[in-house]
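Residue numbers (our numbering): 761 to 908.
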């Protein structure tokens, strides 16, 4: 495995700080969903490591599902159009749903996913992101749990 450090100018968030914040997010989620079950939906692929770290710290009952989304446009710029390349396996009707994402940037992708999931009538629908970039936001999206 290649050492990624040679490609970095600097590390913005060190591992202890990152893990501490993920533990704090998990505690917030544990309190908010105390006595309930939450269905975690991870947006592949970037969210998987964050989801795994978060799940290790959750004490509430939970289940997991995945979605794969692709945005049209260049690698650095989205057009706002998204395509679902892998949909959920589980039915989310009447369930507490927590959408787990690694980065919320322009907001287009997460807004499209939220719009779709709302049509499936979850009991609750919230968003948890590790990194939020509000200065890049083009679409207003509710972020309930924000790491950094």
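For glycine and all other residues, C-beta sits at the position ideal for the given N, C-alpha and C.
In three-state DSSP terms, what is residue i?
i	result
residue 905	strand
residue 889	strand
residue 843	strand
residue 859	strand
residue 820	coil
residue 869	helix
Pop quiz: residue i and residue j are said to be a contact at Cβ under 8 angstroms. What is the actual Cβ separation, rounded to whole angstroms?
i	j	result
residue 860	residue 891	In fact, because the Cβ distance is near 12 angstroms, the residues do not count as touching under 8 angstroms.
Would you tell me roughly how many angstroms separate the C-alpha atoms of residue i and residue j, rounded to the nearest one?
i	j	result
residue 875	residue 906	20 angstroms
residue 857	residue 843	21 angstroms
residue 904	residue 868	17 angstroms
residue 862	residue 810	7 angstroms
residue 787	residue 794	10 angstroms
residue 745	residue 769	Since the first residue of the chain shown is 761 and the last is 908, residue 745 is not available in this structure.
residue 828	residue 846	5 angstroms
residue 785	residue 766	31 angstroms
residue 808	residue 896	23 angstroms
residue 796	residue 870	24 angstroms
residue 812	residue 779	12 angstroms
Uninterrupted alpha helix (DSSP H) stretches inside the segment 770-812 (no shorter than 4 residues) = Taking 4 residues as the minimum length, the alpha helix (DSSP H) runs contained wholly in the segment 770-812 are 775-792, in order along the chain.
Could you say if the segment 876-887 and the segment 808-826 meet the contact criterion of at least three C-beta pairs nearer than 8 angstroms?
-> No, they do not touch.
The segment 774-782 in contact with the segment 791-806 per 3-pair CB rule at 8 angstroms = With the rule of 3 Cβ pairs closer than 8 angstroms, the segment 774-782 does not count as touching the segment 791-806.
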